[in-house]
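Student: Below: one structure in structure tokens.
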DNA sequence: ACCGTCGGTTAAGAAATCGTAAAGGAAGCG
DNA sequence: CGCTTCCTTTACGATTTCTTAACCGACGGT
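Chains as they are written, first to last, in our numbering: chain H, 1 to 223; chain U, 1 to 223.
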């Protein structure tokens, strides 16, 4: 299990690193958001422990950047017990929020709980449907073994529909669950993304066999 | 969805049971760890709500025993806001940890969230009537295994009538419940849709056996 | 049998829905 | 700052679906 720790206080990072190594994790440390982003892309950690108060860009920005493409669990760490920050963090998709000074054992327990939840068997990570293979962990989608170059939204939409294969979703439901609950976007936007996906995975985009329209309802993945 | 509640305070279990039954869960109650383990093995619940403070063996032991073999989600409930317990609970594999007194609606929300994550599907809505099969989740209607291509209204009407098989509905009632309360259309519109459905599911459209007219009243589904 | 009402049937026009292309804007990146 | 990629909106046309209206036969009461 790989852990990415992003904090600019050496005292903190050293303590965390020692503790988590003892618990059997591989740890990577960055002392800025930029360095953190670089490391993230390179090592693709299983979880991020992120300090909000960072030089230059705040931790919020990094969280947003990561969440745009990946579902990697993020735990916020902050010196401020500010309730506003807490809410902001959780709204942004953080999986947990811990204020300094924190109990080290508690943090370890929370990390383990989140990892168990996010990597546990109920959620099958890699999805295979016919000649289609989607791996959310590496953010790689393949068609007949050939990597497709999907945009973040395309990927998220295809992954969601393929994961819930057969089930029909209205455009609104897709916006809720792929775009996010608070995305105020025209529902026709879904159509456009569906079209782009069809051009990639359908042999004949006029006779869709995988991404099927259910007239009056929405779309579903078949296969 | 089956819920196993393990707590030795009748006041708590009764409240929980009432609330979750109202939400549509099947509930099973045990007032000790031993009884809880017996019930667990027999009913294989989808989720366990577990009090830590139990006579004889503590809830921790039960959690460990269950987790040795099964991945059933467990929510801990405790009167103590003791940080040590909290950590212990999370470390042991609890999926959540709630301290008494707790907000009932919040607990329901957490239970639903965890179940959604671990099973991915809510309820079984599929209707089967003879050679007819209607699945609203995939929006697929089949006759002898062959998919019929129903329009949205046709699908909704057939699903409603089949679901309330045997019951007669006036055209107005059908408009209310299939078209919607605020639909302002002629009641004869129903006749037309009934005809289209008959042409699809009746062997002899002149002698309807499934979508039967009740003269002077309306229509009913037989089967 | 007669007559009034009810339901069956059909076709045409209206309305809704979807596919598609293209333009503008936002955000990331060097 | 300029470039690129990605996202969203919008408009128009094609197609499907819905509704209405009209006509006709069937049924039931008298």
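The C-beta atom is built at its ideal place from N, Cα and C for all residues, glycine as well. On a predicted model such as this, the values are computed, not experimentally measured, just so you know.
(1) Is it the case that the Cβ atoms of residue 94/U and residue 76/U are separated by a distance below 8 Å?
(2) Which residues in the same chain have their Cβ closer than 6 Å to the Cβ of residue 169/H, if we skip the five residues on either side of it in sequence?
(3) Quick check on residue 4/U: does DSSP put it in helix, strand or coil?
(4) Taking only three categories from DSSP, how would you classify residue 216/H?
(5) If you reduce the DSSP assignment to three classes, tell me which class residue 97/U lands in.
(6) Under 9 Å, CB to CB, which of the residues in the region 185-206 of chain H have a partner in chain U?
(7) Short of 7 Å in beta carbon distance, which residues of its chain neighbour residue 213/H, apart from the five on each side in sequence? Order them along the chain.
(8) Specify the secondary structure class of residue 202/U as computed by DSSP and reduced to three states.
(9) Classify residue 192/U as buried or exposed, calling it buried when 16 or more other Cβ atoms lie within 10 Å of its own Cβ.
(10) So which residues of chain U does residue 252/H contact, with C-beta pairs closer than 7 Å?
(11) Write down the C-beta distance between residue 209/U and residue 222/U rounded to the nearest angstrom, noting that I regard them as a contact closer than 8 Å.
(12) Along chain U, in chain order, which residues have C-beta atoms closer than 8 Å to that of residue 77/H?
(13) What three-state label does DSSP hand residue 169/H in the structure shown?
(14) List the residues of chain U that residue 215/H touches, going by C-beta distances under 8 Å, in chain order.
(15) How long is the line joining the alpha carbons of residue 201/H and residue 167/H, rounded to whole angstroms?
(16) Interface residues of chain U around residue 166/H at Cβ under 7 Å?
(17) Taking residue 220/H as the query, report the chain U residues whose CB atoms sit under 8 Å from its CB, ordered along the chain.
(18) Sort out for me which residues DSSP pairs residue 51/H with in a bridge.
(19) Among residues of its own chain, excluding the 5 on either side of residue 96/H, which ones have a beta-carbon nearer than 6 Å to its beta-carbon?
(20) Within 10 Å of its beta-carbon, does residue 36/H have 16 or more other beta-carbons around it, so buried, or fewer, so exposed?
(21) If you draw a straight line from the alpha carbon of residue 185/U to that of residue 115/U, how long is it in whole angstroms?
(22) By the 10 Å Cβ neighbour count, where 16 or more other Cβ atoms means buried, how is residue 102/U classified, buried or exposed?
(23) Checking 8 Å against the spacing of the C-beta atoms, do residue 45/U and residue 72/U come in under that value?
(24) If we ignore side chains and look at the alpha-carbon of each, how far apart do residue 19/H and residue 98/H end up?
(25) Using the Cα positions of residue 6/U and residue 23/U, report the straight-line distance between them to the nearest angstrom.
(26) Could you tell me if residue 13/U is buried or exposed, where buried requires 16 or more neighbouring beta carbons within 10 angstroms of its beta carbon?
(27) From the DSSP output, which residues share a beta bridge with residue 128/H?
(28) Under the assumption that residue 132/H contacts residue 162/H (Cβ atoms under 8 Å), give the Cβ distance between them as a whole number of angstroms.
(29) So, at 7 Å on beta carbons, what are the nonlocal neighbours of residue 29/U in its own chain, with the 5 sequence-adjacent residues on each side left out?
(30) Closest by CA to residue 10/H, which one among 25/H, 31/H, 142/H and 26/H?
(31) Starting from residue 60/H, trace the beta strand (DSSP E) both ways and give me its first and last residue.
(32) What residue range does the beta strand (DSSP E) around residue 29/U cover?
(33) Could you tell me the alpha carbon to alpha carbon distance between residue 51/U and residue 34/U, rounded to whole angstroms?
Tutor: This is what the structure gives:
(1) yes
(2) 218
(3) strand
(4) In the structure shown, residue 216/H falls within a coil segment according to DSSP collapsed to helix, strand and coil.
(5) In this structure, residue 97/U counts as strand in the three-state DSSP scheme.
(6) The region 185-206 of chain H vs chain U, Cβ under 9 Å: nothing.
(7) 219
(8) coil
(9) Taking all protein chains in view, the Cβ of residue 192/U is surrounded by fewer than 16 other Cβ atoms within 10 Å, so the residue is classified as exposed.
(10) Missing from the structure shown is residue 252/H; chain H here goes from 1 to 223 and no further.
(11) 7 Å
(12) Scanning chain U for C-beta atoms nearer than 8 Å to the C-beta of residue 77/H yields nothing, as the closest lies near 17 Å away.
(13) strand
(14) Contact of residue 215/H with chain U by beta-carbon distance below 8 Å involves 151 and 152.
(15) 19 Å
(16) What residue 166/H touches in chain U, judged by beta-carbon distance under 7 Å, is 138, going in chain order.
(17) 138 and 139
(18) 77/H
(19) 75 and 110, listed in sequence order.
(20) buried
(21) 41 Å
(22) Around the beta carbon of residue 102/U, fewer than 16 other beta carbons lie within 10 angstroms, which makes this residue exposed.
(23) yes
(24) 16 Å
(25) 18 Å
(26) buried
(27) Bridge partners of residue 128/H: 133/H.
(28) 7 Å
(29) 5, 13 and 17
(30) 31/H
(31) Unbroken run through residue 60/H is the alpha helix (DSSP H), 59-69; no beta strand (DSSP E).
(32) Run containing residue 29/U: 26-30, per the beta strand (DSSP E) assignment.
(33) 13 Å
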